[in-house]
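Read top to bottom, the protein sequences are chains S and V. Each residue of the first sequence is one higher than the last, beginning at 0 in numbering that gives the first Met the number 0. Each residue of the second sequence is one higher than the last, beginning at 0 in numbering that gives the first Met the number 0. Working notes for the structure below.
Protein chains: 2
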Amino acid sequence: MFTLRNIGIHSSHENTIFIREDSPLTHSEGFKVLTRVFVHFNGSKIIATLNTVHSNLLKEGEAGLSEEAMIRLNVKDGDTIVVKHLQPISSLSYVRAKIYGKELSETAYQEIIKDVVDGLYSNIELAAFVTACAGNNMKINEMVYLTKAMISVGQQIKWEQAVIFDKHCVGGLPGNRTTPIVVSIVAVAGLIIPKTSSKAITSPAGTADMMETITKVNLSVEEIKEVVKKENACLAWGGGVKLSPADDLLIYVEKALDIDSEAQMVASVLSKKAAAGSTDVVIDIPYGKTAKVRSHEEALKLKYYFEVVGEAIGLKITVLITDGSQPVGRGIGPALEALDVLAVLKNEPDAAADLRERSTLIAGKLLEIAHSCSEAEGKKMAEDILASGKAFEKFKAICKAQGGFNIPEKGEYTFDVISDVDGIVTEIDNRKLARIAKLAGAPKSPGAGIIFYAPLHKKVSKGDVLYSIYAEGKGQLEYVKEYLKSVNHLIVIE
Amino acid sequence: MFTLRNIGIHSSHENTIFIREDSPLTHSEGFKVLTRVFVHFNGSKIIATLNTVHSNLLKEGEAGLSEEAMIRLNVKDGDTIVVKHLQPISSLSYVRAKIYGKELSETAYQEIIKDVVDGLYSNIELAAFVTACAGNNMKINEMVYLTKAMISVGQQIKWEQAVIFDKHCVGGLPGNRTTPIVVSIVAVAGLIIPKTSSKAITSPAGTADMMETITKVNLSVEEIKEVVKKENACLAWGGGVKLSPADDLLIYVEKALDIDSEAQMVASVLSKKAAAGSTDVVIDIPYGKTAKVRSHEEALKLKYYFEVVGEAIGLKITVLITDGSQPVGRGIGPALEALDVLAVLKNEPDAAADLRERSTLIAGKLLEIAHSCSEAEGKKMAEDILASGKAFEKFKAICKAQGGFNIPEKGEYTFDVISDVDGIVTEIDNRKLARIAKLAGAPKSPGAGIIFYAPLHKKVSKGDVLYSIYAEGKGQLEYVKEYLKSVNHLIVIE
């Protein structure tokens, strides 16, 4: 038994408990640093990893919990907690079987994912599960089981309408912010599209980061339903409605390891779509040397997985394989992408043509599905709606229904990167561009990022601006300049 | 730049840095909780995982490091440290390749193991490497590369003599403490056997824990050499001489995951033997339903791995496959095993016959190799040396050369577990016995553990003592009693 002290330490999703090194518990029960223990309070319990303390941070009889653990256990400073030995976590035996290459049952995935969401897995155990499932180690059946398990532990949104549309891009392409345009266009045509998007994990901006520069995105399920009832669509943040809480934990480990497990990507995307109540989903897979999907073959395999797993869980999936050799649009970073999106919606003459093209392609595909028309007719319909100005009106209406419509601002500090040669742009490294935007402060500083002026095949002259960097602080701009000194082959001009 | 404050938190081998949540660094450079960062001081650097703090634990401009990280970076309270972005760790690309089932090169293993020992890997990354290498995913070549890599990063002991003997047991059998007896016998016969052993990780006692109840085991390489020069042998703690520092880190993760990767076991054992300068090694593989190695087939496969990898790194390996269906000897726990060992060495009439038999078998094998004699002759020689009392004299001499010879004491608090039926003992669960000994306090409380009276095939009557539990504190004994209420099938009597 310990008296809890709030020592104000954050350790993210892995709960940490701090106990004095000279505590009787560490002696009598053999608890060592990094032992996993049960922490009980008031009928509920969590699992935490033990750190010991030998300073006066804690007095005798006191223990500390990381902030996140305190919230999960619903305890406050002064409460009495009890620390006990961990009972073995039975689903880990499935993880071990997976490590040894065994095919797992539906029950196994259900139990693993339930325990993951309940916080029973340490980072080491999560990493072992993610690793064992990566590298083409999962059968199609297992992808289906994993997807179903991920759906079952999250919140599910039900709709009255029989057909609910959705779109998704597997990502990896800076600036590729088609979602707000696509959603606005098809909502004008009467399609129901309650879009939930993610925030950036390793990219300079997610759709939710971009939308947050214009309106409120952290909506409850009830608020989402109200907005959709009014406008056929929403542009909300998925993290606010916990559609796939298991995914949030697994993605964290994947990103830390920098691996993209196809099976987990498919399960992640489709579980969120199913949980959001979608029935008809268009998935965009851009491929390119420096995109997330590197080759056309890889894109085709991923397409197959989306189709077969989608079918198994009752989703109608349409996959578009697109060009991922360079950024789409000019802005990279939340506000800069928002300005790009707004320019396209407003039909401004100098709006990014590639962003308009990609957006009407995807919107056209959704309309083609909805109206059972030809591809050309769907595309034409999308272009007409955009050109009419109705998509922009719809976008503003959605934003207002969500809480307001603001025009965001670019970062105050800026710096132009100039070509020092004449020639044609033959290659662009998406990853390095993304890194620069992040160093400039995106997505945390919404006005930070890049405006990009040097797409593939463009003829540039010595002295032309290739791209401009925006930051909200002088220090961050200096940081980017430092990085630029060391970076090579970001844009190849020949 | 931060002023370091010693906040007295232990977080074991994963370095942790604590920074205020409102630090400019977390804003300007996008450092989030669990970001991995470089911490620089005085020309050297470590990698640490970031935790943020929002209490007054740290003042503005201050940062904290976990104790272990402070030692590694050699900083003290008040020093000025610098925190920087982590550069990508290039060896992780090999780990990713391994996750995808690729065969790795010798260079790859060298780089991975070097980075592991340099502390560049997080727990998540270590877990991914261990997982990717488990489950029969490594080719023989790769086991050789891993073993060589593990040797190259540790300390290596050189000897003048051409032939250096060694023995090893893969473990998993409570009480199986043959080492001190084997070493003493063969040292009498003139064999050079500088034995280094480990402490318990998940078992109730390692040989080093047992030896520590009698003498000093934490010796430097120079001290080991002196003892061996005098007595032909030593019985030291391997952890004190850092023969395989990579192994210590990998084993931690394996134990956390409760997986025994054959490849890593082979690399772990053989790297330590090679680093210790051994040339001729006898390896004991006990197998049984509740031992570490579960079947004779598994034991044969492991034997093959030891032989082929041993040959590749220039070791002469002889494998004994033995019975692992029950504990060897009667004592389980550091002091109780020591008393068992002493009884055998002193030729006491009631000494554990199975421990004597197993010890002379292994010693006999070493003598057979040394003298190129028959198995029977080797065994006979070992038995004669033991019976003559010379092995006991040698054992005492080794202990005195290491720093003293003390007879350890059993725990003061004791409790007998009584049979409530008549019958024959048909099955024993080694794992549950080990667990009881650990709950009683072993190995931390040296006098804690079990004395076991109910070997297989023994006829027991209702009321007979099956085993006695010893503890150094009353609370621990209560803890065991609590566990005994819930445990089933520990000893099957039919």
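Cβ coordinates follow ideal geometry from the N, Cα and C atoms, glycine included. For clarity, every value in this text was computed on a predicted model and none was experimentally measured.
Check                                                                                                               : Outcome
Which of helix, strand or coil DSSP assigns to V:Phe394                                                             : helix
Beta-carbon proximity of S:Pro442 to S:Ala199, cut-off 8 Å                                                          : yes
Contact list for V:Thr51 against chain S, beta-carbon separation under 7 Å                                          : His9
V:Trp236 - partner residues in DSSP beta bridges                                                                    : V:Ser196
Chain S residues whose Cβ lies nearer than 8 Å to that of V:Arg95                                                   : Leu256, Asp257, Ile258
Buried/exposed call for V:Thr106, threshold 16 Cβ in 10 Å                                                           : exposed
Buried versus exposed call for V:Glu347 [16 or more other C-beta atoms within 10 Å across all chains shown]         : exposed
Sub-8 Å separation of V:Asn217 and V:Gly237 beta-carbons                                                            : no
Interface residues of chain V facing S:Val424 [CB-CB closer than 8 Å]                                               : Going along chain V, no residue has its Cβ under 8 Å from S:Val424, so there is no contact; the nearest lies around 26 Å.
Same chain, Cβ closer than 7 Å to V:His39, neighbours up to 5 away in sequence not counted                          : Ile80, Val81, Lys83
Beta-carbon gap between V:Pro244 and V:Ala436 smaller than 8 Å                                                      : no
S:Tyr303 versus S:Val94: straight-line alpha-carbon distance, rounded                                               : 26 Å
Of the residues S:Gly462, S:Glu477, S:Ala62, the one placed nearest S:Tyr469, counting alpha carbons only           : S:Glu477
Distance, S:Glu493 Cα to V:Lys101 Cα                                                                                : 36 Å
S:Val227, DSSP secondary structure in three states                                                                  : helix
Contact the region 199-215 of chain S vs the region 325-339 of chain S: 3+ CB pairs below 8 Å                       : yes
Per DSSP, the bridge partner or partners of V:Tyr144                                                                : According to DSSP, V:Tyr144 bridges with nothing at all.
Nearest-angstrom beta carbon gap, V:Gly440 and V:Gln475 [assumed within contact, 8 Å]                               : 5 Å
Inter-residue Cα distance where the pair is V:Tyr108 and V:Asn136                                                   : 14 Å
Helix, strand or coil at V:Thr413 [DSSP, three-state]                                                               : strand
Uninterrupted alpha helix (DSSP H) stretches inside the region 95-139 of chain V (no shorter than 4 residues)       : 105-116, 122-132
Assigned secondary structure, S:Ala441 (DSSP; H/G/I helix, E/B strand, else coil)                                   : coil
Any chain S beta carbon closer than 8 Å to V:Phe17                                                                  : yes
Alpha-carbon to alpha-carbon, V:Lys389 and V:Tyr251                                                                 : 39 Å
Short CB-CB distance (under 8 Å) between V:Tyr99 and chain S                                                        : yes
Proximal chain S residues relative to V:Asn122, where beta-carbon distance stays under 7 Å                          : Asn122, Ile123
Beta-carbon proximity check, V:Val226 vs V:Ala400, cutoff 8 Å                                                       : yes
DSSP three-state assignment for S:His330, whether helix, strand or coil                                             : The question names His, yet the displayed sequence has Gly at residue 330 of chain S. In the structure shown, S:Gly330 sits in a strand (DSSP, three-state: E or B).
V:Gln263, buried or exposed, once every other Cβ within 10 Å from all chains shown has been counted against 16      : buried
Neighbouring residues, chain S, relative to V:Ile6 (Cβ below 9 Å)                                                   : Val52, Ser54, Leu56
The region 157-167 of chain S contacting the region 183-191 of chain S, beta-carbon criterion three pairs below 8 Å : yes
Status (buried if at least 16 other CB within 10 Å, exposed otherwise) for S:Val479                                 : buried
For V:Lys97 and V:Leu91, believed in contact at Cβ under 8 Å, the rounded distance                                  : Not quite, the Cβ-Cβ distance comes to about 10 Å (not below 8 Å), so this is no contact.
Rounded separation between V:Ser65 and S:Gly118 - CA only                                                           : 24 Å
Per-residue DSSP class, three states only, for V:Gly42                                                              : coil
V:Lys495 - DSSP class collapsed to helix/strand/coil                                                                : With chain V running from 0 to 493 in the structure shown, residue 495 of chain V is simply not present.
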